[in-house]
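Working notes, structure below.
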């Protein structure tokens, strides 16, 4: 009688088809690994949805750090909805960090590892902040990759030693920016914080006025005070700072009268 072996289900996500298929084939040769490959972020989301519908689930997802660059010509994230088509056309391209964050949010049981062609402390720090459990060079040995895969399933975090100092520096800087943003937000009055949360929710001046039972003129004054105290010159900059400080949007209920209004 054979001994039952607990199998690890791995999903390789890389828009370089030859690399994805080669890596998948190498991993599939391991007796305890089941592996599938997806050629885009939307394809990966489709695979995850299909596996969930069939009562199966992936344990580890290996994601190309440059995912989506071939399609977009840049690195700007373009989030896709869950269940987007697997051909990568419906929902648009998805970059690697956005995919990591989305999967971490919707399927926290899946461990993600980012595969990179070069060491990049800033991108590695972003990956960890998004929920990745590891950052590994694409040219590492198969045994090294298997060690990482098995390690992240034990809740280990894996980074190349050469990246540790740079990643810690990036994470410290990110925390410093967050702390500074929190201090600025704390300088606001309770009413100004309410207005800021409405701004984060995307409400324009008229909608904020109706929501808070204020006149549009009063809301405009509050918005100007918010921008001044935060040291920014636009609503978008205020929203970005608020998000860094952990300020969430005001809950939306009922019809929104006006969205996306700008401060005159």
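In our numbering, the protein residues as written are 1374 to 1637.
Heads up, the beta-carbon is just placed ideally off N, CA and C, and yes, glycines get one too.
Check the DSSP bridge columns for residue i and list the partner residues they point to.
i: residue 1489; result: 1510
i: residue 1436; result: 1386, 1487
i: residue 1381; result: 1406
To the nearest angstrom, how far is it from the Cα of residue i to the Cα of residue j?
i: residue 1399; j: residue 1515; result: 8 Å
i: residue 1538; j: residue 1431; result: 32 Å
i: residue 1503; j: residue 1425; result: 22 Å
i: residue 1435; j: residue 1415; result: 15 Å
i: residue 1323; j: residue 1579; result: The structure shown does not extend to residue 1323, since the chain is modelled only from 1374 to 1637, so the question has no answer here.
i: residue 1588; j: residue 1499; result: 41 Å
i: residue 1501; j: residue 1594; result: 40 Å
i: residue 1437; j: residue 1586; result: 49 Å
i: residue 1405; j: residue 1397; result: 13 Å
i: residue 1532; j: residue 1505; result: 11 Å
i: residue 1485; j: residue 1583; result: 44 Å
i: residue 1481; j: residue 1473; result: 10 Å
i: residue 1423; j: residue 1429; result: 9 Å
Go through its chain and collect everything with a Cβ distance to residue i's Cβ below 8 Å, but skip five positions before and after it.
i: residue 1602; result: 1557, 1560, 1561, 1565
i: residue 1403; result: 1519
i: residue 1381; result: 1405, 1406, 1407, 1432, 1433, 1522, 1523, 1526
Use the C-beta contact count for residue i: other C-beta atoms within 10 angstroms, 16 or more gives buried, fewer gives exposed.
i: residue 1526; result: exposed
i: residue 1552; result: exposed
i: residue 1387; result: buried
i: residue 1494; result: buried
i: residue 1391; result: exposed
i: residue 1478; result: exposed
i: residue 1512; result: exposed
i: residue 1393; result: buried
Skipping 5 residues on each side, what residues in its chain have a beta carbon closer than 6 Å to that of residue i?
i: residue 1554; result: 1614, 1617, 1618
i: residue 1460; result: Residue confidence is low: residue 1460 scores 34 on pLDDT, short of 50, so the model does not pin down where it sits. No coordinate-derived value is stated.
Once the 5 residues before and after residue i are set aside, which same chain residues still bring their CB inside 7 Å of it?
i: residue 1581; result: 1568, 1571, 1592
i: residue 1510; result: 1489, 1533
i: residue 1536; result: 1492, 1494, 1497, 1508
i: residue 1379; result: 1405
The stretch 1537-1545 / the stretch 1604-1613 touching (three or more Cβ pairs under 8 Å): no
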